[in-house]
Amino acid sequence: MIRFDTVTKSYPRNSRPALNGVSMEILKGEFVFLVGASGSGKSSFLRLVLKEEKPTKGQIHVLGQQLNTLTSRKVPYFRRNLGVVFQDFRLLPQKTVFDNVAFSLQVIGKSKGFIQEAVPDVLKMVGLAGKSSRFPHELSGGEQQRVAIARAIVNKPAILLADEPTGNLDPATSAGIMTLLERINLGGTTVIMATHDVGIVDQMKRRVIELTDGRIVRDERRGGYQTQAIPVQGFGLASTERASTERPSTEGAGA
Amino acid sequence: MRLGLVFGEAANGLRRNITMVISVVLVTFISLTFVGAAILLQFQINQMKGYWYDRAQVTISLCTDIDSSGTCAQAEATEEQKSAIEAQLESDTLAPFIERFDFEDHELAYENFKVSFEGSPLVDLASPEFLPESFRVKLIDPNQATVLVESLSGMPGVQSVVDQRQYLDGIFDILNAASYAAIGLATLMLIAAVLLIATTIRLSAFSRRREIGIMRLVGASNRFIQTPFILEGVFASLIGSLLAGAAIVALVQFFVRGYLLDTIGNSIGLIGMGDALVVVPILIALGGVLAAASAGFAITRYLKV
């Protein structure tokens, strides 16, 4: 479904790469937490999957496509298979709940009839059945995030990327959002969620990939937010050792 | 459905950006009017060239009693000298270039002079013997006047050989300079128009950056995202082009065919409505293409993936 082959991503004017030789694979139907400190490379990881960025080195396969060879003309069509949710919701303030969700279908050329059927269905699924004519500012944070999730999944994507979707929400509301994401995952959608929320990760017991300074330091089935078992790693001993020492001076080594 | 959405987005952008759109309309209007005027001026020059060169003659002026220029020595050209010139004009070397030639004697010259300078005090001063006799030569190809000038200038009894086109060239030089000035101004204004369109579209895109961000996220195609913006620029500039076309038609209708025709008559071959109608589609096409190009260029920055 998603495969990274020794992917390195460096940004200009920054000698330390955001991702440094990352290799991993995520299978269809998995629910994966991406954890790590700010700046550890979680967002870069998600942006690479979306092909908003190109890797400096290495190859990325998503949904059977090798992203390096994907022409920029085909990127929009590729993205129709992915749904994305952000911490800040990114709804259109002057559009109603219904129109916000419908907008994402209109712009990819779906018919009016399809939109009239699909949008109420998805709003019902996320629990906003009665609120389709509300505006975003009339909704609570949790409800706004549900609208954003509805928009992300209305086109039935194979993969849902969530970048700290509970970052702005209180624990109770977050739990509701997680239940929703879990239900989406049960429907067969692969969910990848970057998060700092210890409670959620510990409670859900799903696959956890931990990034530190652009490297995978842990890839654990049914893991918690902090290491509880021996790190399971898909590659070299050296990186394990390096990760175990506190902040090795990799400055310059990666550049 | 899709088309409706694209046009709706474009209309939204136009409404939200109305002041910028008005300035785009005005700048394109004025710059394209200059372009149109320059083209019309070129048409006018060509028309006049065709008209006048057709009538332009080479004048071989003969000596008079009071003249000491050329080969003259204050002596009237003799009959032998005139026959020699006539023979030369009919000779094998010159005859192929000449369509016809006429001889203008003192009396005829005086009559023509009176007509040309009617109302001027010069008429009272002139008398037939002051005005030189001349041969008026009509060439088959007016561009070959030098052949005549070279072979006849030195002949006895010839005061001067003048190609009348040289008087016209001065007028055409002035008209040409005016048309180049119009093109220069038009170019500067067009650059301003293109930059203004690009800025307008950037502003419009900036005010809709949330929508664009979401469209890119959910996989709207680049064409779908950029078309409303290009339409917006093209629409504003087309209004300007149409206004410029109307201005050009009005210019020809009321100034050239109205005022100029009334004051100087059609003796110089004025351009007509047909010429104006050739210019209008050129202006509309130019406005549309420039706007589409600059809007398309301006929006690409928002489409990088």
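Sequence order for the protein chains is A and B. Note that this note's numbering has the first sequence beginning at -13, numbered continuously upward. Note that this note's numbering has the second sequence beginning at 206, numbered continuously upward. Even glycine gets a Cβ: it sits at the ideal position worked out from N, Cα and C.
Checklist entry - Out of B/R506, B/L436 and B/Y507, which has the shortest C-alpha to C-alpha gap to B/G492? => result B/L436
Next on the checklist: For B/M206, would you say it is in contact with chain A, using Cβ-to-Cβ distances shorter than 8 Å as the test?
Outcome noted: A caution first: B/M206 carries a pLDDT of 49, below 50, which makes its placement in the model too unreliable to give a value.
Checklist entry - What do you get for B/S365, buried or exposed, if any count of 16 or more other CB atoms within 10 angstroms of its CB means buried? => result buried
Item to check | B/I453: contacting residues in chain A (beta-carbon distance under 7 Å) | outcome: Result: empty, since nearest Cβ-Cβ is about 41 Å, beyond 7 Å.
Item to check | C-beta neighbour in chain A for B/S426, strict 8 Å | outcome: yes
Checklist entry - B/S332 by DSSP, collapsed to three states: which one? => result coil
Checklist entry - So what does A/M10 bridge to, in DSSP terms? => result A/F(-10)
Item to check | Length of the line joining the Cα atoms of B/R413 and B/R506 | outcome: 14 Å
Checklist entry - Using the rule of at least 16 other Cβ atoms within 10 Å of the residue's Cβ for burial, across every protein chain shown, is B/I223 buried or exposed? => result exposed
Next on the checklist: For A/D74 and A/E150, what's the separation of their Cα atoms in angstroms?
Outcome noted: 9 Å
Checklist entry - So what does DSSP say about B/Y507, is it helix, strand or coil? => result coil
Checklist entry - Closest Cβ-Cβ distance between B/F429 and chain A: below 8 Å? => result yes
Item to check | DSSP bridge partner residues for A/V48 (one or two, in chain order) | outcome: A/I(-12) and A/Q51
Item to check | Alpha-carbon to alpha-carbon, A/F64 and B/G479 | outcome: 54 Å
Item to check | Option nearest A/V177 by Cα separation, candidates A/A115, A/F17, A/G209 and A/S160 | outcome: A/F17
Checklist entry - Considering only residues of the same chain and omitting the five flanking positions on each side of B/Q249, which have a CB-CB separation below 6 Å? => result I476
Checklist entry - When you compare each of A/D85, A/R(-1) and A/K96 to B/A425 by their alpha carbons, which one comes out closest? => result A/K96
Checklist entry - Along chain B, in chain order, which residues have C-beta atoms closer than 9 Å to that of A/G7? => result Within 9 Å Cβ-Cβ: nothing; A/G7 doesn't reach chain B, min ~25 Å.
Item to check | 8 Å Cβ cutoff met for A/R192 and A/R169 | outcome: no
Next on the checklist: When you compare the CB of A/Y63 with every CB in chain B, is at least one pair closer than 8 Å?
Outcome noted: yes
Item to check | Beta carbon proximity, A/Q45 to chain B, threshold 8 Å | outcome: no
Checklist entry - Helix, strand or coil: which one does DSSP assign to A/G238? => result For A/G238, the predicted model reports a pLDDT of 43, less than 50, meaning its position is unreliable and no value from the coordinates is stated.
Checklist entry - Going by beta carbon distance, what residues of the same chain come within less than 7 Å of B/L508, once the five residues before and after it are set aside? => result N427, I430 and Q431
Checklist entry - Which residues bound the beta strand (DSSP E) around B/V363? => result V363 to D368
Item to check | A/R120 (DSSP reduced to helix, strand or coil) | outcome: coil
Next on the checklist: Cβ closer than 7 Å: which chain A residues qualify as neighbours of B/E416?
Outcome noted: L78
Checklist entry - Would B/L436 count as contacting chain A if we go by Cβ distances under 8 Å? => result no
Next on the checklist: So that I know if they touch, is there some Cβ in chain B lying closer than 8 Å to that of A/V93?
Outcome noted: yes
Item to check | C-beta contact flag for B/G354 and B/T264 at 8 Å | outcome: The residue you asked about is not Gly; residue 354 of chain B is Val in the sequence shown. No, they are not a contact pair.
Next on the checklist: Please identify the residue among B/L357, B/F459, B/A451 and B/S228 whose C-alpha is closest to the C-alpha of B/F340.
Outcome noted: B/L357
Item to check | Contacts that A/R66 makes with chain B (C-beta to C-beta distance below 8 Å) | outcome: V423 and G424
Checklist entry - Closest Cβ-Cβ distance between A/V87 and chain B: below 8 Å? => result no
Checklist entry - How many Å lie between B/Y464 and B/S442 at the Cα? => result 31 Å
Checklist entry - Is it right to say A/G238 is buried, meaning 16 or more other beta carbons lie within 10 angstroms of its own, or is it exposed? => result Reliability fails at A/G238, whose pLDDT of 43 lies under 50, so the model's placement of it is uncertain and the value that follows must be treated cautiously. A/G238 is exposed by the Cβ-count criterion.
Item to check | Chain-ordered chain A contacts of B/L456 [CB-CB under 9 Å] | outcome: Residues of chain A passing the Cβ test: none, with the nearest at roughly 45 Å.
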